[in-house]
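Enquirer:
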Amino acid sequence: MVALLPTPTSPLELPLQADRVAIVTGATRGVGLSTACQLARLGMRVIVAGNDEHRGHEVVARIQEESGPESAHFLFLDLASLSSVRSFVRNFEATALPLHLLINNAGVMLDPSGNTKDGFERHVGVNFLGHFLLTSLLLPALRASGHQGRKSRVITVCSSTHWVGQADVARLLGQSPAPCALAAYAGSKLALALFSLRLQRLLSALGDPVTANIVDPGVVDTALFAHAGWGTRAVQRFLGWLLFKTPDEGAWTSVYAAASPKLEGIGGRYLRDEAEAEVLGAARDLELQGHLWAESCRLTGAAWVAVGE
């Protein structure tokens with residue numbers, strides 16, 4: 013059985029979320045796991061999306077033990093494979109569940125395992141393009157479940173490293189090699205910010221009952237640093253308790269973005285520590301957003317269908 017971290021008293025005062033359904037990617041570990049647990053405690057039914065089936069079922073069993081038999085379900089999702097993304101969406105649609113919340117949480121950092129199954133640089137493929145396609149395919153379900161006064165929500169987990177991402181589409185998509193893995197990671201996070209802000213503009217223009225926001229969990233003590241240098245890992249091991257947030261603390265902003273009435277109908281925000289924060293100015297560059305969006309559609313085959321089509 014997966015040992016879930018004990019949850020400290022949350023500073024958040026949030027209403028119960030009964031009858032709402034959430035998908036959380038990367039929900040078998042770290043911030044995603046804590047996010048899924050906290051949403052289930054609020055009464056949401058959570059789809060635990062991850063690429064480790066054994067661990068996924070263990071996580072679901074633990075959440076169900078705490079929050080009830082219908083509180084969590086596992087569906088396999090490998091964001092390094094566009095065909096897996098499409099298969100995940102088909103499997104979710106087969107459940108006939110509504111969808112009120114999508115949290116694009118999963119990510120890799122400094123991962124040495126090479127390109128994705130579709131040939132993309134791994135940080136680009138897993139962190140950004142997989143979520144880009146996933147969101148496009150799930151948007152009809154989000155639209156169908158939202159309504160004015162209680163909109164569905166898309167929450168994309170970013171990072172302060174997006175500030176050092178290079179605002180160049182070829183670099184952001186890995187078509188022009190990054191100088192190092194950390195630069196590729198930072199670029200993938202900038203791409204996510206550009207995507208989320210462009211998505212909110214699209215949703216607003218169409219009058220959709222869906223909002224899109226970005227969250228920054230801060231520096232969190234998780235396995236995301238597994239491939240970092242020995243110095244970083246030493247700091248994490250010996251000083252993580254002092255310098256890093258716990259996974260539960262890192263999840264608070266995601267949970268706030270998911271459930272706070274203060275954010276009803278509000279999108280296009282960058283949130284950190286349960287409050288609005290600054291995003292890199294380049295992330296609001298409309299021309300850059302449009303270029304990245306068009307090229308990402310070409311690479312993934314994503315089709316963003318307008319209302320009524």
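Numbers 13 to 321, taken from our numbering, label the letters of the sequence shown in order. All C-beta atoms, glycine included, are put in the ideal place defined by N, C-alpha and C.
Determine the extent of the alpha helix (DSSP H) in which H66 is found, giving its start and end residues.
Expert: Here the question's residue 66 lines up with position 54 in the sequence shown. Segment E65 to S79, the alpha helix (DSSP H) holding H66.
Enquirer: Would you mind sorting L304 into buried or exposed? The rule is 16 or more other CB atoms within 10 Å of its CB.
Expert: For the purposes of this step, residue 304 is taken as the residue at position 292 of the sequence shown. L304 counts as buried, since at least 16 other C-beta atoms from the protein chains shown sit within 10 angstroms of its C-beta.
Enquirer: Starting from G62, follow the beta strand (DSSP E) in both directions and report where the run begins and ends.
Expert: Counting from one through the sequence shown, the residue named residue 62 turns up at place 50. Taken as a continuous stretch (DSSP letters only), the beta strand (DSSP E) holding G62 covers R57 to G62.
Enquirer: For the 8 Å Cβ check, are there 3 or more pairs between the stretch 149 to 160 and the stretch 171 to 180?
Expert: no
Enquirer: Under 8 Å, with one C-beta from each stretch per pair, do the stretch 263 to 281 and the stretch 216 to 223 reach the 3-pair mark?
Expert: In short, these stretches touch, since the Cβ pair count reaches three.
Enquirer: Compare the beta carbon distance of T37 and N116 with 8 Å and say whether it is the shorter of the two.
Expert: Locating residue 37 in the sequence shown gives position 25, counting from the first residue. Locating residue 116 in the sequence shown gives position 104, counting from the first residue. Yes, the pair counts as a contact, with Cβ atoms nearer than the cut-off.
Enquirer: So what's H85 in DSSP terms, helix, strand or just coil?
Expert: As a working note, residue 85 is residue 73 in the sequence shown. Three-state result, H85: strand.
Enquirer: If you reduce the DSSP assignment to three classes, tell me which class H239 lands in.
Expert: For the purposes of this step, residue 239 is taken as residue 227 along the sequence shown, with counting starting at 1. For H239, the predicted structure reports a pLDDT of 41, less than 50, and the residue's modelled location is therefore unreliable. A value from the coordinates is still provided. Coil at H239, not helix or strand.
Enquirer: Leaving out the 5 sequence neighbours to the left and right, which residues in its chain are closer than 6 Å to E25 when beta-carbon positions are compared?
Expert: Within the sequence shown, numbered from 1, the residue matching residue 25 stands at position 13. For E25, where only same-chain residues beyond five positions count, there are no Cβ hits under 6 Å.
Enquirer: Rounded to the nearest angstrom, how far is the Cβ of L185 from that of G177, given a contact under 8 Å?
Expert: Walking along the sequence shown from the start, residue 185 turns up at place 173. Walking along the sequence shown from the start, residue 177 turns up at place 165. Rounded, the Cβ-Cβ distance is 12 Å, inconsistent with contact.
Enquirer: Just reading off the beta strand (DSSP E) that S164 is part of, what are its end residues?
Expert: Here residue 164 refers to the residue found at position 152 when the sequence shown is read from its first residue. From DSSP, the beta strand (DSSP E) with S164 extends over S164 to V169.
Enquirer: Counting only the same chain and skipping the five closest in sequence on each side, list residues whose C-beta sits under 7 Å from that of A190.
Expert: One-based indexing of the sequence shown puts residue 190 at position 178. The residues are R183, A196 and G199.
Enquirer: Can you tell me whether C49 is buried or exposed? The criterion is at least 16 other CB atoms within 10 Å of its CB, across all chains shown.
Expert: As a first step, residue 49 must be located in the sequence shown, where it is residue number 37. With 16 or more Cβ atoms within 10 Å of its Cβ, C49 is classed as buried.
Enquirer: Looking only at DSSP bridge pairs, what is E288 linked to?
Expert: Residue mapping note: residue 288 aligns to position 276 of the sequence shown, counting from 1. DSSP lists L283 as partners of E288.
Enquirer: Specify the secondary structure class of A106 as computed by DSSP and reduced to three states.
Expert: Taking the first residue of the sequence shown as 1, we reach residue 106 at position 94. Helix at A106.
Enquirer: Only counting the same chain, and skipping five residues up and downstream in sequence, which positions put a Cβ closer than 7 Å to that of T312?
Expert: Within the sequence shown, the letter at position 300 stands for residue 312. Hits under 7 Å: L94, L141, F144 and L145.
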